[in-house]
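Student: Numbering (mature numbering (1 follows the signal peptide of the UniProt record, and there is no 0)), first residue to last: -36 to -1, 1 to 934. Ideal Cβ positions, reconstructed from N, Cα and C, are used throughout, including at glycine. The structure presented is a predicted model; accordingly, all values stated were derived computationally and were not measured. Let me give you the structure first, and then I'll get to my questions.
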């Protein structure tokens, strides 16, 4: 930034922006002097709508209101009105008076003291918390508020320019120093939009406290030369300024700071200043936003695919690219797959909506999905209504003249405004448009038909805006024309991570472990993570493998990286590209890549030219009586008998016939259950056999699938972390190593539970007999019935019950819900059930990277992180039809109707994410190999949730710890 000739005069833009950039002074900046000059607005005298919006902008007292008006203003004041816009821009600072908006609401969870956190949530401005919250104790809270306030001011200058505003906001979303590429992005996209914005951001970034050089010590280990490693650590610990450090590193390591050098790449990527004269902007390993880049492959047109790739790859694109994307792609119905994917990244669908003050009919809906249930959207809906009251609704494709909506159906218009802002999303489509019939009805009643554009009526306008009445893809207005009926029971379902209580670089995860004595009890964990690019808000868990598109942006090309302790994706490996152009020929018809369909009763998917199908035994309404009479309802029409055989993949099959039916050879089978692999004592005399049951989804011939491991009888456990396990005598040990060191046998993972002290055998859905329910639960397996496994359930609705008739099932109360029966199980239960197909070849690729097999348990543990309601948990197994079955089950001993509904909705959400190949799942290894899912839920027969009687649920008894509002208050 160029130096000024002298200090700025008091009251100038520079003075005020400098004040905003100084955190200490910002706390005192409660009021900016000067009244708004609305004389600009007379320049728009020929356009009354523009004049009205202009006056609202220059008299606004709310930051959120101002931001919203600036986004919508171009709909009424075209960019061709340069004189008006120039005057507005020069006058904007005068309207930044004391804010009535509360931009610090999202920071409240950072407060340490309970009273401070409560005061923050109840306050309407920062003044409201200063009396309660002590700044010396609440640094994180006040730093977050300061950043939000600075960002609110700086980014408001972006006006309606979405891309400029997004990159500006990225600067203020993190508590770490902005990286060079972030600053470059703001300069690239905002220079022509607003010099004031560039000036404001520069003041903030230059005043940001210098990062501690020792934070980069881990980079030294990347130097190939040992002498350079040693010198690097000495330099970082002894020198303070980055200029000194860079000079010393160049001198000691005899290398220039080039992006291909691992040491320099690490050091400079985490630093915002570089050696003078050296222009270094190393491209991030994920592009600007790896999650959004993933969405580009879903574009239907090559133009939108190319524009999308330019925007989110490491090329940075340009302002013209953004404008072209907005013009040709952003509202293009043909690009719904790509746009929905981008929406999933920007605003993922989340369960629950509450605490709205304007859109109150959207409150108290804990089992509905919304993209944007927050105070900003609530304010935005109110602002939309004020604009619409002027007689015109500016939509992307058309300007709709309306009558006085304050008198004509005001509640309906309010529901529309709230719906478009709060964005309810069905699990299937996840789109947020009103249904066509509602659109037609409201325009016929309240549209000013005499002023409609030539050739247009209500029906033709709605054909553009809301072209369907399919409830899978549109939102019916009547749902939100009345308040929710769940006022008194919403606490049956809680949402600890919505809104997100964690810092910008952290991931929020539901706490399902409970709390240790004398430890703070929070219903969530904040886990360190990595962003998928410098302009990304998408966070992934530290220590995990992540799949991201290749930085080249070529469709179908990916790499696998590790989210490291440094907060960056590292150790990336390019994978073979997936050919999205390859199709499958089925019954003479061509099926394109990524499409799912049915062949008889089997679900199939075409993946890069490979046809992947379930292996269900099909009977249907057209089957003959003879076929039904002969059918056993089992694969290959096998006899209904239970003679367990252990497959080499670790799955216990009910019989040799069923194992052979799924493709196993006799030499890949052993008699008996897989859960007791040490009975034959396969280890040497000086070794101990430790059971290691696992069901492998990868090729056993290539990656193995041992059900045991041999360890020396004398070994040291060293400094292994606490991960409690319980032995067969109900004695708890700090970890598995300590238990084996004492020569004991593990009963189950996790703390010992008193009710699992006795040996009460149970049969899991996977056909394994467990010593107790705790042992089944530790394998993420739900219980089918009490006692040893003795039968396999039929798999067809057209078959008799067979051997399951001899099984006594847990009694389920009449709840008004129809339970589901998992494939191969005997007993029904209340759950949302997913039957999932996967690509074995892709899992084999992941196994080569990890050098170990991929297991069912690993899939379940990863899916579990995506279930946001603590009243639901994830269980599952590998079915005898070679599908992964995932059960999302209420964990309360007596699940309430609302909890059953929440688990159903979680299952539907996961199904949609799998079937749409959403980055929310596809970024995670190995979940990206899940290619098709089919959901079945515990369908509610009763019309009213409140009329349903709670169920008596036997599955988990009192084992599962469930968080509720009364158990875990902070």
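1) Alpha carbons only, please: which of 597, 632, 743 and 623 is nearest the one belonging to residue 656?
2) Identify whether residue 537 lies in helix, strand or coil by the three-state DSSP scheme.
3) Ignore the nearest five residues each way along the sequence and tell me which others in residue 159's own chain have a CB closer than 6 Å to its CB.
4) Can you tell me where the alpha helix (DSSP H) with residue 667 in it begins and where it stops?
5) Apply the 10 Å Cβ neighbour rule to residue 635 and answer buried if 16 or more other Cβ atoms are within range, or exposed otherwise.
6) Run the CB neighbour count on residue 796, radius 10 Å, all protein chains shown included, and call it buried at 16 or more, exposed below.
7) For residue 322 versus residue 382, is the C-beta spacing smaller than 9 Å?
8) What are the boundary residues of the beta strand (DSSP E) that includes residue 526?
9) Which residues in the same chain have their Cβ closer than 7 Å to the Cβ of residue 47, if we skip the five residues on either side of it in sequence?
10) Hey, could you find the ends of the alpha helix (DSSP H) residue 429 is sitting in?
11) Can you look up residue 408 in the DSSP assignment and give me helix, strand or coil?
12) With three or more C-beta pairs closer than 8 Å as the rule, is the stretch 695 to 710 touching the stretch 666 to 674?
13) How long is the line joining the alpha carbons of residue 348 and residue 398, rounded to whole angstroms?
14) Throw me the rounded Cβ distance for the residue 200 and residue 227 pair, which I believe falls under 8 Å.
15) On a CA-only basis, which of 729, 739, 732 and 186 is nearest residue 717? Give me that one, please.
16) Roughly how many angstroms separate the alpha carbons of residue 770 and residue 752, rounded to a whole number?
17) On the three-pair Cβ rule with 8 Å, is the stretch 428 to 441 touching the stretch 792 to 809?
18) Answer with buried or exposed for residue 115, where buried requires no fewer than 16 other C-beta atoms within 10 angstroms of its C-beta.
19) On the premise that residue 298 lies in contact with residue 265, defined as a C-beta separation below 8 Å, what is that separation, rounded to the nearest angstrom?
20) What first and last residue would you give for the beta strand (DSSP E) that runs through residue 576?
21) Quick one: Cα of residue 260 to Cα of residue 861, how far?
22) Note down the Cα distance separating residue 666 from residue 729, rounded to an integer number of angstroms.
23) Report the option in 839, 478, 713 and 788 whose CA atom is closest to the CA atom of residue 690.
24) With burial defined as no fewer than 16 other Cβ atoms inside 10 Å of the residue's Cβ, what is the status of residue 903: buried or exposed?
25) Considering Cα atoms alone, identify which of 633, 660 and 610 is closest to residue 639.
26) Go ahead and pull the three-state DSSP assignment for residue 768.
27) Would you list, in sequence order, the uninterrupted alpha helix (DSSP H) runs of no fewer than 4 residues that lie entirely inside the stretch 579 to 624?
28) Apart from the five residues just before and just after residue 651, which ones in its own chain have a Cβ nearer than 8 Å to its Cβ?
29) Output the residue ranges of the alpha helix (DSSP H) runs that lie fully inside the stretch 250 to 308 and measure 4 residues or longer, sorted by chain position.
30) Mapping DSSP to helix, strand and coil, what is residue 1002?
31) Please state the DSSP three-state secondary structure of residue 331.
32) Buried or exposed, going by whether 16 or more other CB atoms sit within 10 Å of the CB of residue 679?
33) Since residue 117 is in the alpha helix (DSSP H), which residue starts that stretch and which ends it?
34) What do you reckon, are the CB atoms on residue 894 and residue 800 nearer than 9 Å?
35) Take residue 632 and list the residues in its own chain whose beta-carbon comes closer than 7 Å to its own, dropping the five residues that flank it on each side.
36) Can you round the beta-carbon distance between residue 564 and residue 582 to whole angstroms, since I take them to be within the 8 Å contact cut?
Tutor: Quick answer:
1) Nearest C-alpha to residue 656: 743.
2) It is a strand residue.
3) So the list is empty, once near-sequence residues are dropped.
4) That run of the alpha helix (DSSP H) goes 664 to 667.
5) By the neighbour-count rule (16 or more Cβ atoms within 10 Å), residue 635 is not buried but exposed.
6) The Cβ neighbour count for residue 796, taken over all protein chains shown within 10 Å, is at least 16; the residue is labelled buried.
7) Cβ distance < 9 Å, so residue 322 and residue 382 count as in contact.
8) Per DSSP, residue 526 belongs to the beta strand (DSSP E) from 522 to 527.
9) Listed in chain order, the non-local C-beta contacts of residue 47 below 7 Å within the same chain comprise 7, local neighbours out to five positions each way being set aside.
10) In this chain, the alpha helix (DSSP H) harbouring residue 429 covers 422 to 429.
11) Looking at residue 408 - three-state DSSP - the assignment turns out to be helix.
12) Contact fails: fewer than three Cβ-Cβ distances are below 8 Å.
13) Approximately 16 Å between the Cα atoms of the pair.
14) 11 Å between Cβ atoms; not a contact.
15) When each option's Cα is compared against that of residue 717, the closest is 739.
16) The alpha-carbon atoms of residue 770 and residue 752 are separated by roughly 12 Å.
17) The stretch 428 to 441 is not in contact with the stretch 792 to 809.
18) Buried: at least 16 other Cβ atoms inside 10 Å.
19) For residue 265 against residue 298, the beta-carbon gap comes to about 7 Å, under 8 Å, which counts as contact.
20) It spans 574 to 577 - the beta strand (DSSP E) in which residue 576 sits, taken as one unbroken run.
21) Roughly 40 Å between the two C-alpha positions.
22) Their backbone Cα atoms lie some 28 Å apart in a straight line.
23) The shortest C-alpha separation from residue 690 is found at 713.
24) Answer is exposed; the Cβ neighbour count stays below 16.
25) Ranking the options by Cα distance to residue 639, first place goes to 610.
26) The DSSP-derived three-state label of residue 768 is helix.
27) The stretch 579 to 624 is shown to contain whole alpha helix (DSSP H) runs of 4 or more residues at 589 to 594, in chain order.
28) The answer, listed in chain order, is 674, 675, 676 and 677.
29) For the stretch 250 to 308, whole alpha helix (DSSP H) runs of length 4 or above, ordered along the chain, are 254 to 260, 266 to 276 and 283 to 292.
30) An answer regarding residue 1002 cannot be provided, because it is not within the stretch -36 to 934 covered by the chain.
31) In the structure shown, residue 331 sits in coil (DSSP, three-state: anything other than H, G, I, E or B).
32) Result: exposed.
33) Membership of residue 117 in the alpha helix (DSSP H) is indicated by the continuous run 103 to 120.
34) Yes. Within cutoff.
35) Closer than 7 Å at Cβ, skipping near neighbours: 611 and 612.
36) 4 Å between Cβ atoms; contact.
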